[in-house]
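Asks:
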Amino acid sequence: MGKVVTGRKGGCLFREGKFKLWLECPRVHALLNHLASERYRDLRYDMNMHYRSFSSMEVALENPFKNVRQEDWVWLCKEIFSAEWYQSPV
């Protein structure tokens, strides 16, 4: 195991070898928000591509995205993916 050093770098806590996040640090907070928003965007894109892979909404409703509850999938399909504001411009 490597050397463990604890200290401050740029006003934020760090620990070599392990992560110890100081959430009050604006840079750490901004980075976590950025990573979470990217992951959410990617997941939403994957779910939309899954929805679009079916020929009709009825077929899509019968085949929910992995690890998504049926009632959540129905809401996503009816309220989000089929909404006019969500459609890509042609």
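Residue numbers (our numbering): 71 to 160. We put the beta carbon where it would ideally sit given N, CA and C, even for glycine.
1) Please report the straight-line C-alpha distance between N141 and A130, rounded to a whole angstrom.
2) For the segment 108-139, list the alpha helix (DSSP H) runs that are entirely contained and at least 4 residues long, ordered along the chain.
3) So is H120 buried or exposed if we call it buried at 16+ other beta carbons inside 10 Å?
4) Does the Cβ of L113 have 16 or more other Cβ atoms within 10 Å, making it buried, or fewer, making it exposed?
5) Taking C-alpha atoms, which residue in S158, Y115 and W143 lies nearest to M127?
6) So for C95, helix, strand or coil by DSSP?
Replies: If we stick to the structure as given:
1) A small correction: the amino acid at residue 141 is Glu; Asn does not occupy that position in the sequence shown. Each residue's alpha carbon lies about 13 Å from the other.
2) 127-132
3) buried
4) exposed
5) W143
6) coil
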